[in-house]
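Worksheet: one structure, shown below.
Residue numbers (the numbering used here), protein chains in the order written: chain X, 1 to 369; chain V, 370 to 738.
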């Protein structure tokens with residue numbers, strides 16, 4: 001299994017982005033790997049992503065709910081065949097789009113435990129970072145976020161809000177004023193790296209389907225960095241070293257968009273609302289410089305749960321610096337911590353590895369951030 | 370004359386912050402010195418700051434208006450004795466607190482020109498960066514800015530606004546709810562570097578009066594970096610090399626707070642309002658990560674001038690990246706450009722030298738940013 005988390009974000013290896021030849025891509029150890037804090041199963045899911053595969057065509061037909069059900073089944077079966085891990089505290093974790101799936105997986109596992117099905121998992125909680133939750137709400141929050149971050153002017157913000165009536169996604173094609181506003185907004189943000197508004201943006205023409213030759217320029221944009229994974233994973237020695245079953249995968253693709261996928265869960269807030277009745281620890285973090293899933297939409301759905309605050313908004317520290325802010329909520333046996341990563345982007349550990357490591361270490365230890 | 374601008378910000382020299390011994394402090398050339406774009410007079414003002422001095426005690430008694438009047442007199446006299454520069458286009462420029470003084474100086478010069486007094490200066494305009502304009506308005510805007518940048522929560526922001534009724538400076542000491550809110554705000558921001566919320570903050574105890582020994586740690590905070598100027602300027606060879614008159618200055622101090630100074634101009638907005646009736650080019654820039662003089666207060670007073678927009682808010686570029694946003698206003702022969710520096714701090718060129726250089730070069734050339 002080689003998920004994006006494994007190589008880029010929270011896993012033990014990363015790339016030496018200074019290597020100037022394409023083969024071999026040089027690997028470096030990630031000093032802030034979360035594998036130092038826990039045993040981690042990195043899962044390529046749904047089937048078809050990364051090195052994962054299905055033996056039937058139907059296995060590739062998937063959706064949010066099927067994806068979650070299969071991930072939960074995978075975990076149960078894996079623990080049945082590795083029973084020595086059964087008693088370990090179990091956390092389900094994911095960033096970005098996985099943020100939508102994780103609460104559904106947790107719900108599946110909880111249902112299974114309550115129904116007494118399969119092995120009894122020691123589920124303690126879940127962790128999601130810059131999580132997709134309700135894509136429409138997140139896209140709508142981008143306008144407010146852009147204003148807060150001075151990417152659009154106050155005049156533009158007020159005008160856009162007024163003309164589009166707060167809905168920037170399902171726009172009436174006859175609403176010309178709103179369309180003009182949205183075009184101006186687009187011009188303001190189109191040349192930014194949406195994952196971190198201060199990170200170098202890729203030059204026009206550099207996109208997922210446009211494979212550049214090595215070496216890359218000194219200051220790599222995000223897509224250029226991610227390309228290393230494709231070069232590495234498609235090296236014939238790598239699948240061998242990772243014990244990938246031969247003949248199952250012709251080519252490893254970073255974002256395999258050829259898989260038929262149905263987004264059948266509009267919002268995962270109801271899953272959180274259900275889970276907050278259980279005995280669980282939840283951790284939600286958000287890099288505050290992410291325009292893709294702005295922290296304000298994440299804060300909005302958390303607030304909509306109306307959980308009582310037990311530990312009010314305060315800074316948390318890493319390396320003796322303010323690394324972000326955190327707030328604690330409780331509802332009986334359900335505890336939710338929300339933390340921002342100051343200066344962080346989409347997928348916190350990618351942009352702030354040290355801070356994210358400290359953050360997750362303390363939370364796993366039940367220490368205050 | 371050795372102003373902060375000269376050594377840190379827009380001038381030809383800077384320090385090698387990696388030098389590990391105190392003496393001598395190593396100098397490096399600033400590749401983005403604004404001296405490549407114009408002849409610049411760096412002025413230590415009012416008398417008593419930097420290497421400047423007065424031969425009378427009364428010369429040190431100063432205020433916003435006296436400060437501006439004397440700076441304008443200095444300039445007139447200097448140009449009289451250096452007449453070959455008289456015909457050059459003249460711009461008055463300043464960052465931070467100078468932003469309050471610059472429009473008063475420009476007013477003084479304009480008055481002189483209109484009254485036909487002294488040499489006829491070829492005044493073309495003025496440039497101010499993260500300018501102090503109305504300190505109360507700026508301090509008040511810090512709460513909104515902190516909310517926009519996710520330093521305080523939406524709950525805290527709403528509660529503080531409600532309880533303090535939007536005034537966070539002149540607070541009724543009996544208004545306990547407001548005081549509690551402001552204390553929470555203070556806790557959220559007190560460990561930040563106010564000049565740039567993402568820059569390393571100084572450890573507690575490192576302040577202007579607390580001289581640390583060299584070498585400094587790897588990642589220097591702003592005060593630590595600024596210390597180099599004190600070590601350098603107090604080296605006996607430096608005043609000699611700079612032709613400082615001997616015996617005029619016992620010690621060079623970076624922020625000489627011993628000068629009696631009266632802030633007799635509450636707001637310089639009225640000066641801008643007057644100047645916008647003249648034939649002048651004005652340039653206002655603001656680093657958008659500055660909590661000291663948040664861009665939102667600068668934008669608010671510019672908007673209050675009700676100047677017609679002639680060039681709407683759009684990104685500007687440096688090094689093929691969005692370097693910020695700019696908007697152009699005109700009122701007859703008065704033209705004002707406002708620009709943000711994305712990811713910039715208080716004193717733009719200190720945090721974003723390359724972008725600031727490109728920005729000011731284009732503006733001086735009458736090119737679009």
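Just so it is clear, CB atoms sit at the ideal spot from N, CA and C, and this is done for glycine as well.
Residue 493 of chain V sits away from residue 448 of chain V, with the two beta carbons spaced by 8 angstroms or more.
Three or more beta-carbon pairs drawn from the segment 651 to 667 of chain V and the segment 714 to 726 of chain V are found closer than 8 angstroms, and the two stretches are therefore classed as touching.
Think of a sphere of 7 angstroms around the beta carbon of residue 346 of chain X: no beta carbon from chain V falls inside it, the nearest being about 15 angstroms out. By the beta-carbon neighbour count (other beta carbons within 10 angstroms, threshold 16), residue 538 of chain V is exposed. Contact between the segment 243 to 258 of chain X and the segment 307 to 327 of chain X is absent: fewer than three C-beta pairs spanning the two stretches fall below 8 angstroms.
657: these are the residues of the segment 639 to 660 of chain V whose beta carbon lies less than 8 angstroms from some beta carbon of chain X, given in chain order. A contact is defined here as three or more CB-CB pairs under 8 angstroms, and the segment 635 to 651 of chain V fails this definition with respect to the segment 438 to 456 of chain V. Under a criterion of Cβ atoms nearer than 8 angstroms, the residues of chain X adjacent to residue 664 of chain V are, in order, 150. A direct Cα-Cα distance of roughly 6 angstroms separates residue 456 of chain V from residue 491 of chain V.
Using a CB distance below 9 angstroms, the part of the segment 138 to 166 of chain X facing chain V consists of 147, 148, 149, 150, 151, 152, 153, 154, 155, 156, ordered along the chain.
Using a Cβ distance threshold of 8 angstroms, residue 103 of chain X and residue 268 of chain X count as a contacting pair. Comparing alpha-carbon positions, the option among V:426, V:488, V:413 lying closest to residue 463 of chain V turns out to be V:413. In the DSSP assignment, residue 591 of chain V falls within the unbroken alpha helix (DSSP H) covering 591 to 602. Taking a contact to require three or more Cβ pairs closer than 8 angstroms, the segment 57 to 74 of chain X and the segment 228 to 248 of chain X do not qualify as touching. Inter-residue distance for residue 92 of chain X and residue 559 of chain V is about 35 angstroms (C-alpha atoms, whole angstroms). Shown here, residue 58 of chain X sits in a helix according to DSSP, grouped into three states. Only 317, 320, 321, 322, 325, 327, 340, 342, 343 from the segment 316 to 345 of chain X bring a Cβ to less than 8 angstroms from some Cβ of chain V. The beta carbon of residue 561 of chain V sits closer than 8 angstroms to some beta carbon of chain X. Counting C-beta pairs with one atom in each stretch, the segment 259 to 268 of chain X and the segment 52 to 65 of chain X have three or more that are closer than 8 angstroms, which means they touch.
If only complete runs of 4 or more residues are kept, the segment 72 to 145 of chain X shows the alpha helix (DSSP H) at 98 to 114, in order along the chain.
Think of a sphere of 9 angstroms around the beta carbon of residue 301 of chain X: no beta carbon from chain V falls inside it, the nearest being about 13 angstroms out. With a cutoff of 8 angstroms on beta-carbon distance, residue 302 of chain X and residue 324 of chain X are scored as not near each other. About 7 angstroms separates the Cβ atoms of residue 565 of chain V and residue 715 of chain V, confirming a contact at the 8 angstroms cut-off. The contact set of residue 571 of chain V on chain X, defined by CB atoms closer than 9 angstroms, is empty, because the minimum CB distance reaches about 10 angstroms.
When secondary structure is reduced to three states using DSSP, residue 348 of chain X falls in the helix class. Looking at X:258, X:97, X:16, the one whose alpha-carbon comes closest to that of residue 130 of chain X is X:97.
Flagged as an interface residue toward chain X: residue 556 of chain V, by a C-beta distance shorter than 8 angstroms. X:49 is the residue among X:49, X:179, X:41 whose C-alpha sits nearest the C-alpha of residue 230 of chain X.
Across the set V:712, V:554, V:658, the C-alpha of V:554 shows the shortest separation from the C-alpha of residue 528 of chain V. With 16 or more other CB atoms across the displayed protein chains lying within 10 angstroms of its CB, residue 148 of chain X is buried. For residue 273 of chain X, the enclosing alpha helix (DSSP H) stretches over residues 269 to 275.
Counting only Cβ-Cβ distances below 9 angstroms, residue 618 of chain V has no contacts in chain X at all, with the closest Cβ about 36 angstroms away. Under DSSP, residue 47 of chain X forms a beta bridge with X:49.
Nearest Cα to residue 536 of chain V within the set V:734, V:505, V:549: V:505. One alpha carbon belongs to residue 108 of chain X, the other to residue 330 of chain X, and they sit about 22 angstroms apart. Going by beta carbons, residue 227 of chain X and residue 193 of chain X fall outside the 8 angstroms limit.
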